[in-house]
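**Student:** Following this message is one structure expressed as structure tokens.
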Amino acid sequence: MSLIKFNRRFPLFDQMLPDILDTDRLLNEDLILEDNWVPAINVKENKNDFEIEVAAPGFSKKDFEVTITDDILTIAAENKNSVEDKDEEYSRQEFYFNSFKRSFTLPKSIDFSKKIKAKYDNGVLRVHLEKLEILKSEEHKKVIEIS
1 MSLIKFNRRF PLFDQMLPDI LDTDRLLNED LILEDNWVPA INVKENKNDF EIEVAAPGFS
61 KKDFEVTITD DILTIAAENK NSVEDKDEEY SRQEFYFNSF KRSFTLPKSI DFSKKIKAKY
121 DNGVLRVHLE KLEILKSEEH KKVIEIS
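Everything in the sequence shown is counted per full-length UniProt numbering, starting at 1 for the first residue and increasing by one.
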């Protein structure tokens with residue numbers, strides 16, 4: 001069973017009105033920040049484990065929260081930065097807030113008794129989930145003969 005993403009906000013709305021504001025050349029892109037950014041995610045299923053890679057550059061390790069509740073893996077992050085630029089006649093301060101939340105339904109093959117590991121390095125968060133021992137081998141597979 002594979003991991004399934006289920007938190008797509010409004011897929012029908014996205015199809016009906018595709019990025020109307022992006023075609024308006026009168027507005028500067030800096031004025032409108034899309035709040036629906038979600039990072040790209042890779043899910044690898046190996047013989048013994050699953051590995052989830054989240055491309056989230058600009059965050060730090062402390063910005064992430066990885067939780068599992070009732071077979072739902074949730075990866076969330078929030079980043080707050082501020083830049084202050086001072087000049088003789090004026091002062092300008094810009095705030096930057098970025099956050100996301102992605103959730104996955106975990107398959108029954110995940111071994112919750114083993115330690116689930118997460119590591120953030122070079123803009124990529126990697127979450128490692130072990131499979132149950134019985135599912136690591138092909139012995140649990142039973143072939144049924146068709147008559």
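Quick reminder that beta carbons are idealized off the backbone N, C-alpha and C, glycines included.
Count the other C-beta atoms from every protein chain shown that fall within 10 angstroms of the C-beta of Tyr120, then say buried if there are 16 or more, exposed otherwise.
**Tutor:** Buried, by the Cβ-count rule.
**Student:** Between the alpha carbons of Asp22 and Phe64, how many angstroms are there, rounded?
**Tutor:** Summary for Asp22: the model assigns pLDDT 43, below 50, so the residue's position carries little reliability; its value from the coordinates is reported in the next sentence. So the alpha carbons of these two residues sit roughly 30 Å apart.
**Student:** What three-state label does DSSP hand Glu133 in the structure shown?
**Tutor:** Three-state DSSP puts Glu133 in a helix.
**Student:** For the beta strand (DSSP E) that contains Ala118, what are its first and last residues?
**Tutor:** 117–121 is the extent of the beta strand (DSSP E) around Ala118.
**Student:** Use the C-beta contact count for Leu26: other C-beta atoms within 10 angstroms, 16 or more gives buried, fewer gives exposed.
**Tutor:** Its pLDDT being 40, under 50, Leu26 is placed unreliably in this model, and the value from its coordinates should be taken loosely. Leu26 comes out exposed.
**Student:** Going by DSSP, name the residue or residues bridged to Ala55.
**Tutor:** The partner list for Ala55 (beta bridge, DSSP) reads Val124.
**Student:** Lys142 and Asp111 look like a contact to me (Cβ under 8 Å); what is the Cβ gap, rounded to whole Å?
**Tutor:** The pair is not a contact, with the Cβ atoms about 21 Å apart (cut-off 8 Å).
**Student:** State the Cα-Cα distance for the pair Trp37 and Glu133, rounded to the nearest angstrom.
**Tutor:** Cα to Cα, Trp37 sits roughly 37 Å from Glu133.
**Student:** Quick check: Phe100 and Ala77, are their CB atoms within less than 8 Å of each other?
**Tutor:** Yes, the Cβ-Cβ distance between Phe100 and Ala77 is below 8 Å.
**Student:** Taking Cβ positions only, does Glu133 come closer than 8 Å to chain C?
**Tutor:** In the structure shown, chain C cannot be found, because there is only a single protein chain.
**Student:** What does the Cβ neighbour count give for Leu129, buried or exposed, with the cut at 16 atoms within 10 Å?
**Tutor:** Buried, by the Cβ-count rule.
**Student:** Taking C-beta to C-beta, are Phe97 and Lys80 nearer than 8 Å?
**Tutor:** Going by C-beta atoms, Phe97 is nearer than 8 Å to Lys80.
**Student:** Beta-carbon within less than 6 Å of Ala40's beta-carbon, same chain only, minus the 5 sequence neighbours each way: which residues are those?
**Tutor:** Closer than 6 Å at the Cβ level, and outside the excluded window around Ala40, lie Ala55.
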